[in-house]
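> After the structure tokens below, expect a handful of questions from me.
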Amino acid sequence: MKSRLLSAVAALALLSAAPVLAQAPAAPATAVAVPPLGFAKRTLANGLEVYTARDSSTSNVTVQVWYRVGSVDDPEGRSGFAHLFEHLMFKATKDFPDETFDRLTEDVGGNNNAFTSDDVTAYFQTIPANHLERLIFAEASRLSSLVVNEAVFESERDVVKEEYRQGVLAQPYGRLFSLFVPATIYQDSPYRRSTIGSIEDLDAATIEDVRRFHATYYRPDNAFLIVSGNFEPAQLDGWIDRYFAPIPNPDRPLPDSTVAEPEPTGPREVTFHAPNVPLPAVVLAWPTVAYDHPDRIPLTVLDGILSTGESSRMYRSLVYEQQIAAQAASRPDFARTVGSLSAYAIMAGGETPETGIAAIQAEIARFRDTPVTAAELAEARNELVANALRSRETIEDRANVLGFALINTGDATVADREIAALQAVTAADIQRVANRYLTPQRAVTIRYLNADEANPVSQQATGVTAPVTVADLAPVGQIFELLPEAERARMPDTTEPVSPATPAVADFTLDNGLRVLVVEKAGLPLVSARLNFDAGSADEPAGQAGLAAMTAALLTQGTATRTAPQIATEIEQLGANLGAGSGPDFSNVYANAPANVFPQALALMADLVRNPAFAAEELERQRDQTLDSLRVSLATPGPVAAQAAARVIYGDAAYGAPGSGTLTTLPALTREHVTGFHQRLYRPSDATLVFSGAITQAEARTLAQSAFGDWRAAGSAADTASTPAGIPLPPRVVVIDQPGAGQAAVTVALRGVSRTDADYFPLTLGNTLLGGSFTSRLNQEIRIKRGLSYGTRSSLGVRREDGLFSASAQTRNDAAVEVADLILAEIARLSTSRPTAEELTTRQAILTGAFGRSLETVDGLGSLVAGLALYDLPMSELPAYVGKVEAIDGPAVQAAFAEHLPVDRASLVIVGDASTFIEALRAKYPQVEVIPLTALNLDSAALQ
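Residue numbers (the numbering used here): 235 to 1178.
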């Protein structure tokens, strides 16, 4: 995947600087009317299918092109080819230079991205509606006249290699799920190859191969064009006819990548080993059916019962009751010609793979032997239907749903008809498919263990046969080069802009001091509520790191009248998303539900907040799960670097402690610690309740009064930390040595500013220029020009007190020092020179465009309002947002960076295999501290 850095993150930070809090897993709702997608279809003479849906309630439009080419079409010896080509499609055509798609999207306040999977490569962008013609022109141009030259080919191939290292090699379980699972499930099908391919096959590719691949698969009759949003239908049809209709369609047939997967003849077992695997994992998988097979629907419902939410069978058995797994879940994978269902467990500390295998086998056997209960069936169906509702919230969502249906079935009506099919599934259907597909004789069992001297690292299978060979590809057609500017087709003009509307915010206070904010949003029948408290990790007593997060996590694990399983069941019966999380300064509890059941969801939310049981056994269970998750995190370079950077900047001050806790502090937390934290800090007078969505002010007032009106705080209020950031500390250079790491994580960190600092706006705009979007300076220098990283990013990281500014990238170990130099140089450049007028204009558009898109979702709108309240900012900031962003000038950005983020105060943290870069780093920084990962101590400012 191209993984463009989403500028929405920067926009939300600029407006609200809300802390990044834990999010609930998607957990859908009760049976509710799901509106049809509503797309109109027409087919051009060249075979291109066009689907359009007008929505005048938005100021944006999304343009998507879905091509029927994926990793199953990769030629033999060229695995990863479809994905590599996805990257190349963002480069030049004969009529515009490299990175023009970013200029046409991000630079005007939109976004773009792409992904490749087994059967599809899809390109999508959302832009202000007045830029639509330009996107139609650009999509037609890259279909018909893409420029592929040696320099671009080499650079993007290097980027894909870094994506491979980051997603596969640097993640503890990356090899398992990306490489070994598909290679084991399928025996003959090309689906057994990884979408990202292998380093060997990427190195074997030539530029001629790439050009032939484009000539073979990128053709009008192999694509779907989807447009959704605010447009005039006749005008859009005219643009499509002007730019797409003249593209000729070749008369050469497409290669056939279909291979019949044989029926399993018996069970298979295999064991793989990989470096830095902190906990053993097991996977049980069964071949099932393709996407368009009628049995997909009951298998989908079965999967919902098996592993969706904390009331699911796998979570309740393996994680909650037996406590043998840190994580347990299942994943149905229905592709165009094959399918599978996988159930996996990452074992808890001290547990064996055999225990996990036996437990999963027992849960699958229950489906075969006994019909599911009526309650389980209703819950799963309601969840899936509510998910379908949420998947239609935005223009992008609706286009995505349509695209997947078209790729897998060729039928645009499938997604709408699926709702009725889900509701019609019976217990007998589920038992039937379990006995047909999920049998011991058809099972594949995988064990995934840490490598050692006796068990070396398992290697990715290469040289895998495929139905398509390079010889089957079309010959190279016309080779395009970028035309001289005077000869290029003119970029179309924009039309009149459509401005986003900022809704009004109602603001009132209950008698107990609880502030209530309400922002109504027309559209789908969804309502969101979030209850925010001034209770974060900065309020934890010394030596109790993780207490805020533990308190929030335990809210859903039992009340005075409900057990944890009862709460989980009720959430999922309602189809609600309901949970809690914490950050450095705040904690929040949130609920999202269909409007017809939202009152019940809010009542449950109130019970969690007001009457938590904090049972000792639940604390023990939650602590064990958190410790197992922490062990996984501490085996991954990126999270280790982030936690170490906080200690480097804040030392022993409250902000320096890891919010999730440490291997030392978590075991020491007691029930008394948790109850005391809750009593001191979860108080109505220090809280704000935000409603957003299909709810009026009067309805919100009634619900708030019913749920929270008689709530009174118990005990005395806390004396919060006055200086959680501590005193400024001298910069450090720290290397955390992880031998065998798949990549190095490089982080530059500085003490930043608070959300209320006068320079917050210019700093945030400057940060967006530095590393807050795909077109940022860091990404240009590190990824686009040099191919050293899959992606870079920076964050202002504001808090109530001085925040944690960071800029980071992951790269191959031997390039760590070069990447560190590049990051430092770009930070310094913002302090010593002004951004250009063009850079300012585009960054302003990125921020205001993302702001407009946030207004279009129930949760996005609620987050904006809640973020203002968290920092005691007036609601007038919401309508003033665009004006404040557009008022920032270049001198203000430079002055703010020079004052607050001078590079001579920067610290550097690198986590990776130090043997490959330590000498070069020490030559630059003789004072470098080298700490073995095994000796890392996050309880101490010294880190050891």
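Built from N, CA and C at the ideal position, the CB exists for glycine as well.
Might you give, ordered along the chain, the residues of its own chain that have their beta carbon closer than 7 Å to the beta carbon of Ala242, omitting 5 neighbours on each side?
In the sequence shown, counting from the first residue as 1, residue 242 sits at position 8. Only weak support is given to the placement of Ala242: the predicted model assigns it a pLDDT of 27, under 50, and the value that follows is read from those uncertain coordinates. Excluding residues within five positions, the ones whose Cβ falls inside 7 Å are Ala1084, Arg1087 and Ser1088.
> Taking the beta carbon of Thr264 as the centre, do at least 16 other beta carbons fall within 10 Å, making it buried, or is it exposed?
In the sequence shown, the residue the question calls residue 264 occupies position 30. Low confidence applies here, because Thr264 scores a pLDDT of 41, under 50, leaving its location unreliable; read the following figure in that light. Buried, because 16 or more other Cβ atoms sit within 10 Å of the Cβ of Thr264.
> Just checking, does the stretch 1123-1142 make contact with the stretch 857-865 on the three C-beta pairs under 8 Å criterion?
In short, these stretches do not touch, since the Cβ pair count stays below three.
> For Val1032 versus Gly986, is the C-beta distance shorter than 8 Å?
Here residue 1032 is taken as the residue at index 798 of the sequence shown, counted from 1. Here residue 986 is taken as the residue at index 752 of the sequence shown, counted from 1. Yes; because the gap between Cβ atoms is below 8 Å, this pair is in contact.
> What are the residues that DSSP puts in a beta bridge with Ala1043?
Looking up residue 1043 in the sequence shown gives position 809. Beta-bridge pairing links Ala1043 to Val980 and Thr1026.
> Using CA coordinates, which residue listed in Tyr1159, Ala1154, Gly401 and Ser1149 is at the minimum distance from Ser1141?
As a first step, residue 1141 is located in the sequence shown; it is residue number 907 there, counting from the start. Per the Cα distances, Tyr1159.
> Can you tell which of His448, Pro901 and Pro487 has its C-alpha closest to the C-alpha of Gln856?
Here residue 856 refers to the residue found at position 622 of the sequence shown. When only C-alpha atoms are compared, the closest one is Pro901.
> Have a look at the DSSP bridge pairing and note the partners of Glu1163.
Numbered from 1 along the sequence shown, position 929 holds the residue referred to as residue 1163. Glu1163 is bridged to Val968.
> Nearest to Leu636 by CA position, among Phe335, Lys275 and Phe1008, is which residue?
On the sequence shown, residue 636 is found 402 positions in, with the first residue counted as 1. Considering only alpha carbons, the answer is Lys275.
> Taking the CB atoms as reference points, tell me whether Val908 and Leu838 lie closer together than 8 Å.
For this step, residue 908 is matched to residue 674 along the sequence shown. For this step, residue 838 is matched to residue 604 along the sequence shown. Taking 8 Å as the Cβ cut-off, Val908 and Leu838 do not qualify as a contacting pair.
> Given a cut-off of 8 Å, decide if Val969 and Ile1144 are closer than it, judged by their beta-carbon atoms.
Along the sequence shown, one-based indexing puts residue 1144 at 910. Along the sequence shown, one-based indexing puts residue 969 at 735. Yes, the Cβ-Cβ distance between Ile1144 and Val969 is below 8 Å.
> Check for me: the beta strand (DSSP E) holding Tyr916 runs from which residue to which?
Taking the first residue of the sequence shown as 1, we reach residue 916 at position 682. Element bounds for Tyr916: n/a, residue is neither H nor E.
> Going by C-alpha distance, which of Leu748, Asp971, Ala880 and Arg1077 is nearest Val982?
Looking up residue 982 in the sequence shown gives position 748. Measuring from the Cα of Val982, the nearest candidate turns out to be Ala880.
> With which residues is His507 paired in a DSSP beta bridge?
Here residue 507 is taken as the residue at index 273 of the sequence shown, counted from 1. For His507, which the question treats as bridged, DSSP gives the partners Leu683.
> Taking 8 Å as the cut-off, decide whether the C-beta atoms of Val516 and Arg681 are in contact.
Translated into the one-based positions of the sequence shown, residue 516 becomes position 282. Translated into the one-based positions of the sequence shown, residue 681 becomes position 447. Against a cut-off of 8 Å, the Cβ pair of Arg681 and Val516 comes out as a contact.
> By the DSSP assignment, the alpha helix (DSSP H) with Gln405 in it spans what residues?
Looking up residue 405 in the sequence shown gives position 171. Looking at the DSSP string, Gln405 is not in any alpha helix (DSSP H), and its letter there is neither H nor E.
> Can you find the residues in the same chain that come closer than 8 Å, C-beta to C-beta, to Ala261, ignoring five residues on each side of it along the sequence?
The sequence position of residue 261 within the sequence shown is 27, counting from 1. Because Ala261 sits at a pLDDT of 39, beneath the cut-off of 50, its placement in the model cannot be relied upon, and the following sentence gives the value as read from the coordinates. Cβ within range, chain order: Thr542, Gly543, Glu617, Ile805, Glu806, Gly809, Ala810, Asn811 and Leu812.
> For Ser237 and Leu744, what's the separation of their Cα atoms in angstroms?
Here residue 237 refers to the residue found at position 3 when the sequence shown is read from its first residue. Here residue 744 refers to the residue found at position 510 when the sequence shown is read from its first residue. Since pLDDT at Ser237 reaches only 37, below the 50 mark, its modelled position is unreliable, and no value is offered.
> Below 7 Å CB to CB, which residues in the same chain sit around Pro1125 once its five sequence neighbours on both sides are set aside?
For the purposes of this step, residue 1125 is taken as the residue at position 891 of the sequence shown. Same-chain partners within the cutoff: Arg1068.
> Measure the alpha-carbon distance for Asp529 versus Thr607 and round it to whole angstroms.
For this step, residue 529 is matched to residue 295 along the sequence shown. For this step, residue 607 is matched to residue 373 along the sequence shown. Each residue's alpha carbon lies about 19 Å from the other.
> Give the straight-line distance between the Cα atoms of Thr896 and Gln1178, rounded to the nearest whole angstrom.
Translated into the one-based positions of the sequence shown, residue 896 becomes position 662. Translated into the one-based positions of the sequence shown, residue 1178 becomes position 944. So the two alpha carbons sit approximately 13 Å from each other.
> Going by C-alpha to C-alpha distance, which of Ile433, Val1137, Thr930 and Leu781 sits closest to Val739?
The residue you call residue 739 lines up with position 505 of the sequence shown. Residue Thr930 is the option with its Cα nearest to Val739.
> Taking the CB atoms as reference points, tell me whether Asp308 and Tyr451 lie closer together than 8 Å.
Position 74 of the sequence shown, counting from 1, holds the residue named residue 308. Position 217 of the sequence shown, counting from 1, holds the residue named residue 451. Cβ atoms of Asp308 and Tyr451: not closer than 8 Å.
> Taking the C-alpha atoms as reference points, what is the distance between Lys1183 and Phe349?
Lying before the first or after the last residue shown, residue 1183 is absent from the chain, which here runs from 235 to 1178.
> So the alpha helix (DSSP H) Ser379 belongs to, where does it begin and stop?
The count along the sequence shown starts at 1 and reaches residue 379 at position 145. Segment: none, Ser379 is in no alpha helix (DSSP H) and carries neither H nor E.
> Are three or more beta carbon pairs between the stretch 811-830 and the stretch 768-776 nearer than 8 Å?
Because the criterion of three Cβ pairs below 8 Å is met, the stretch 811-830 and the stretch 768-776 touch.
> Closer than 6 Å by C-beta to Ala891: which residues in its own chain qualify, once you throw out the five before and the five after it? Chain order, please.
Here residue 891 corresponds to residue number 657 of the sequence shown, with the count starting at 1. The residues are Ala779.
> Once DSSP output is grouped into helix, strand and coil, what is the label at Phe767?
To locate residue 767, count along the sequence shown from 1; it is residue 533. The answer is strand: DSSP assigns Phe767 an E or B state.
> Flag this pair as yes or no: are the beta carbons of Val698 and Arg426 separated by less than 8 Å?
Within the sequence shown, residue 698 is the residue found at index 464, counting from 1. Within the sequence shown, residue 426 is the residue found at index 192, counting from 1. Yes, these two residues count as a Cβ contact at 8 Å.
> Apply the 10 Å Cβ neighbour rule to Pro1166 and answer buried if 16 or more other Cβ atoms are within range, or exposed otherwise.
By 1-based counting over the sequence shown, the position of residue 1166 is 932. By the neighbour-count rule (16 or more Cβ atoms within 10 Å), Pro1166 is not buried but exposed.
> What whole-angstrom Cβ distance do Gly1005 and Ala978 have, given they're in contact under 8 Å?
Walking along the sequence shown from the start, residue 1005 turns up at place 771. Walking along the sequence shown from the start, residue 978 turns up at place 744. At roughly 17 Å, the Cβ-Cβ gap does not stay under 8 Å, so Gly1005 and Ala978 are not in contact.
> So, is Thr1009 buried or exposed, given that buried needs 16 or more other C-beta atoms within 10 angstroms?
Taking the sequence shown and counting its residues from 1, the one referred to as residue 1009 is at position 775. Answer is buried; the Cβ neighbour count reaches 16.
> Looking at the secondary structure, which residues open and close the alpha helix (DSSP H) in which Leu533 lies?
To locate residue 533, count along the sequence shown from 1; it is residue 299. That run of the alpha helix (DSSP H) goes Arg530 to Ser541.
> Hey, out of Ala620, Asp944, Arg570 and Leu459, whose CA is closest to Gly538's CA?
In the sequence shown, the residue the question calls residue 538 occupies position 304. Among Ala620, Asp944, Arg570 and Leu459, the Cα nearest to that of Gly538 belongs to Ala620.
> If you drop the 5 nearest sequence neighbours on each side, which residues of the same chain put their C-beta closer than 7 Å to that of Ala992?
As a position in the sequence shown, residue 992 is number 758, starting the count at 1. None.
> Suppose the cutoff is 8 Å on Cβ atoms and the five residues either side in sequence are ignored; what does the same chain contact list for Leu271 look like?
By one-based count along the sequence shown, residue 271 stands at place 37. Answer for Leu271: Ala287, Arg626, Arg632, Val635, Leu636, Ala646, Ala649 and Asp650, listed in chain order.
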